[in-house]
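Heads up, the thing below is written out as structure tokens.
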Amino acid sequence: MRVNKIVKTALQVGLLVALSRASDLTAEALRLPIPGSILGLLALFALLELNVVKLAWIELGAEWLVAQMLLFFRPRHGRDRSLQGVDRAQRPRDARHDSAEHGRRHGDRGLDRRAFGQGKPPRGVIVMALVWPAFTVLVYYCSKRLYARARKLYLTPLVVTPAVVICALLLSGASCDAFDSGAHWIGEMIGPATISLAVTLRKQMHILKKHARAILAGVTAGGLAAVAVSAGLARLFGLAAPIADSLAPKSATTPVALSVSDALGGVPTITAVATLATGLTGMLVGPLLVRLMRIRSSVGRGILLGTAAHSAGIAKAFEYDADAGACAGIAMVCTAFVTLCAAAPIVSLFG
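First residue of the sequence shown: 0, per numbering that gives the first Met the number 0; consecutive thereafter.
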């Protein structure tokens, strides 16, 4: 019976991954201002509401993906997209050649995934491409069990996993390319996990309908405040315009933040790091605010964490209950739309 459940979960996860990929391609083809994960979430939610897709078809896979969201939470494509924030005149003529040359200098020949198609990669590269993701997953599950026992914020997997992996990279002398050549798929799974929130929203629809006004009001205010505070403080401390533009959308989910940063003229790499730091800070500070302000409502907890800490906040909200997790999910989606619509006007006010 357990084997059947594992197989069923795996198949459903595969279906959600395929939906995520289709959503990414659709958003790219139509040049939509929203990332494929948000588009897929909205599409799947509509299909569930219309009963075109049965809940039983994807429920197990969706629940597993949402439960592992902290494992998948890491910036995607920030390094490659950062070239968009660099003066075109300073870009290398052949980025692929430079990347391969960099790998040869550091003894990591062929580590860049883009160079794999140019020849058979060395056996050591293949081994490391399997070792690093396996090591990351092992550290994540160990830290998750440790956190479940101790319940200390500094033991959360979002803190422990990257810290241990970074230490392992430094001690082994391996490059980031070596790690990313095999473990890049871990970060890419945040797309299917985000789409899977449609199942949670569908199951908790009664809560969302009952508190729709409070959720929309709270998320709109929080999203606007996040952009305004980021842009205002950046200007106050005299940061350069590209850096200020990079920090403004940091409270949105990573794909949205990168898209907005690119449109504003910021540096997506800075945005990716700021978004990760925002999620980590929100996950650590959010529970403290919940206790300090005595927020006992699941709706209030979900709005707080989903608006301030996007994917990381959702994972933390689910530790309270499913209602808080559902509200955090809708808060993250609404914050993404608020950031898309309001970032440019607000940043221009501080320009």
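Built from N, CA and C at the ideal position, the CB exists for glycine as well.
Rounded to a whole number of angstroms, what is the C-alpha to C-alpha distance between residue i and residue j?
i	j	result
L358	A343	Residue 358 lies beyond the stretch modelled for the chain, which goes from 0 to 350, so this question has no answer here.
R103	A314	Interpretation of R103 is limited by its pLDDT of 45, a score under 50 that renders its predicted location unreliable; the figure taken from the coordinates is listed afterwards. The straight-line gap from Cα to Cα measures roughly 40 Å.
M188	A213	31 Å
F317	S142	17 Å
Y140	P156	8 Å
F349	T338	16 Å
N3	A276	39 Å
S180	V136	15 Å
R295	G301	11 Å
T253	C340	16 Å
R150	L69	15 Å
L207	C333	13 Å
D320	Y146	17 Å
V346	A230	6 Å
I33	V255	6 Å
L257	A211	28 Å
G281	D322	19 Å
L31	R148	44 Å
V266	I125	32 Å
Q203	G172	47 Å
S250	S260	12 Å
F336	I329	11 Å
With DSSP collapsed to three states, give me the class of residue i.
i	result
R293	coil
M127	helix
E318	coil
P248	coil
L49	coil
F71	helix
V266	coil
F336	helix
G278	helix
A61	helix
L307	The sequence given here has Ala at residue 307, not Leu. DSSP places A307 in helix when its eight states are reduced to three.
A230	helix
L257	helix
Residues in the same chain with beta-carbon distance under 7 Å from residue i, minus the five sequence neighbours each way, listed in chain order, please.
i	result
G39	L18, S19, S22 and I194
F71	I185, G186, M188, I189 and A192
L16	This sequence places Val at residue 16; Leu is not what is there. Excluding residues within five positions, the ones whose Cβ falls inside 7 Å are P191.
A233	I242, A243 and L246
L24	none
A327	G301, L304, G305, G312, I313 and A316
Got a sec? Which residues, its chain only, sit under 8 Å from residue i by beta carbon, not counting five neighbours each side?
i	result
L14	W56, I57 and G60
Going by beta carbon distance, what residues of the same chain come within less than 6 Å of residue i, once the five residues before and after it are set aside?
i	result
L152	L283
V289	R300
L154	L145 and Y146
F159	In the sequence as presented, Phe is not what sits at residue 159; that position holds Val. So the qualifying residues of the chain are S142.
L43	I194 and A197
- Task: Indicate whether the contact test is met: 3 or more Cβ pairs, each with one atom in the segment 236 to 250 and one in the segment 264 to 281, closer than 8 Å.
- Result: By the Cβ rule, the segment 236 to 250 counts as touching the segment 264 to 281, because three or more pairs are nearer than 8 Å.
- Spell out a yes or no on whether the segment 210 to 230 and the segment 290 to 307 are touching, meaning 3 or more CB-CB pairs, one atom from each, closer than 8 Å. These segments touch.
Under 8 Å, with one C-beta from each stretch per pair, do the segment 198 to 206 and the segment 223 to 231 reach the 3-pair mark?
Segments in contact, no.
- Query: Per the contact definition of three or more C-beta pairs closer than 8 Å, is the segment 161 to 178 in contact with the segment 130 to 137?
  - Reply: Segments in contact, yes.
ask   = In chain order, which beta strand (DSSP E) runs of at least 3 residues are fully inside the segment 7 to 41?
value = Segments of the beta strand (DSSP E) lying fully in the segment 7 to 41: there are none.
Of all the alpha helix (DSSP H) runs that stay within the bounds of the segment 143 to 224, which reach a length of 4 or more residues?
With a minimum length of 4 residues, the unbroken runs of alpha helix (DSSP H) contained wholly in the segment 143 to 224 fall at 156 to 171, 175 to 187, 189 to 202 and 204 to 209.
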